[in-house]
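> Structure incoming, see below.
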Amino acid sequence: MKRCIMFIFYTSLLCTLFGQTKIHVHRSDAVDIRLFTSLLDSINFQALPEKPSEYSTLTLHKNNQTTQVVPLQAVDSIEFGVDQSEYIFDITALPEIKLTVKLKDWNALLTYYDINNSNEECVPASIEFKKNGVATQLDSIGIRIRGNSSRRRPEGGEGDMHNATNPSWHHAHFSLKFAEYRKGQSMYSTDRFNLKWFKDDAMYCREIYCYDLFKRFGVWTAPRASYARLTIYVEGDAQPAYFGVYSII
C-alpha cells in the first residue's frame, strides 16, 4: 500500500508539472535533452544516461518561470538489475513470447468473459520466452484477460467459441501468473507479469518510456516495462496467431 501511495503521488506530481511544459535535463557536459512536451501526448528524446546519479539538475520551464530540481541521489543505494528478472525487463531487446493453450481452455477463457467481462478467472497455458536465440519454457501457468475500460474479448463476438478455420482475433491485455497451478514456479525470478497491447498509442512507447524515466529519476515504485512479440497458439490450429508487439509490465 505504501508503494502504491508513493507511486500515485510521484505520478500526479510529474503529470501536474509536465502538462504543457518543456523539460530540459542538463548534465555536466552541457548536453541539453528535450524529453517531451507532454508526458502523455508526445515524446521526443535523443538519449538518457544509464544511472539517475549522472543527472545534475532538472530544469522546469513553465509560464516564464524556471524551477531547479535536484534528482533523488538516494537511488544509488538501490541496486537495479541485481536479480534475474532484468533478463525479461530489458528495454534494449525484443524477445518472442509464445503462449500455447488447449482448445477447451481457450474456449473457457472466452466463456468466462461472456459471463462476466470483469472476471479474474485463469486458464492453464504454457509459455515460451525466446531471447537472443535462447528459449525458456514453463508449463501450467495461468493466463487471464485483464484491463478496466480497455478489457476486451481476444477472439470473436459474444457467445462465439474458437474458430480454427477463420478466427477473428482482437488485441487484448493478458495477465500471466507462473505459480497459478505450480506453487513456487517462476521465470527468471519473476512469478508474474502483464502483456498489454498499445491501445491509443501509435508510437508504441508512451507507457514504457515514462516508466523507464520514473525509474531513472528514482521513483522506485514505478513498474518495470519492456517489449515482446506475442503469438498465441490454440492447440489444433494450423499455425499460431501473431498478436504483434506488446509491452511486458
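With my numbering applied, the sequence shown corresponds to residues 54 to 302, in that order.
We put the CB at the ideal spot given by N, CA and C, even for glycine.
Here the structure is a predicted model, which is why all the values come from computation and not from measurement.
Within 10 angstroms of the Cβ of E211, are there 16 or more other Cβ atoms? Answer buried if so, exposed if not.
Per the 10 Å Cβ criterion, exposed.
> Is the number of C-beta pairs between the stretch 212-230 and the stretch 282-302 that are closer than 8 Å three or more?
Yes, they touch.
> Distance, Cα to Cα, D213 vs A278?
Looking at the two C-alpha atoms, the distance is approximately 33 Å.
> Using the three-state DSSP reduction, which class does E132 fall into: helix, strand or coil?
Low local confidence applies: a pLDDT of 44 at E132 is under 50, so the model's placement there is unreliable, with the coordinate-based value given in what follows. E132 falls in the coil class under three-state DSSP.
> Could you check what DSSP says for K268 in three-state terms: helix, strand or coil?
The answer is helix: DSSP assigns K268 an H, G or I state.
> Can you grab the Cα-Cα spacing for the pair K230 / V176, in whole Å?
In a straight line, the C-alpha of K230 is about 10 Å away from that of V176.
> State the start and end residues of the unbroken beta strand (DSSP E) segment that holds D192.
Note, D192: beta strand (DSSP E), 187-199.
> I need the straight-line Cα distance from N170 to S228, nearest angstrom please.
If you take the alpha carbons of N170 and S228, they lie about 14 Å apart.
> Can you tell me whether E149 is helix, strand or coil according to DSSP?
E149 falls in the strand class under three-state DSSP.
> Leaving out five residues on either side along the sequence, give the residues of the same chain with a beta carbon under 6 Å from the beta carbon of E181.
The answer, listed in chain order, is K151, A188, Q190.
> Given a threshold of 16 other Cβ atoms within 10 Å of its Cβ, counted over all protein chains shown, does Y299 qualify as buried or as exposed?
It is buried - the Cβ of Y299 has at least 16 other Cβ atoms within 10 Å.
> For Y264, which residues of its own chain have a beta-carbon under 6 Å away from its beta-carbon, when the five flanking residues on both sides are left out?
The answer, listed in chain order, is A275, P276, A278.
> Taking all protein chains shown into account, decide if M240 is buried (16 or more other Cβ within 10 angstroms of its Cβ) or exposed.
With 16 or more other Cβ atoms within 10 Å, it is buried.
> So, helix, strand or coil for A161, using DSSP?
A161 falls in the helix class under three-state DSSP.
> Can you tell me whether E208 is buried or exposed? The criterion is at least 16 other CB atoms within 10 Å of its CB, across all chains shown.
So E208 counts as buried.
> Below 6 Å CB to CB, which residues in the same chain sit around W222 once its five sequence neighbours on both sides are set aside?
For W222, where only same-chain residues beyond five positions count, the Cβ hits under 6 Å are E208, A294.
> Residues in the same chain with beta-carbon distance under 6 Å from K268, minus the five sequence neighbours each way, listed in chain order, please.
These residues qualify, in order along the chain: A275.
> Per DSSP, what kind of secondary structure is I168 in: helix, strand or coil?
In the structure shown, I168 sits in a helix (DSSP, three-state: H, G or I).
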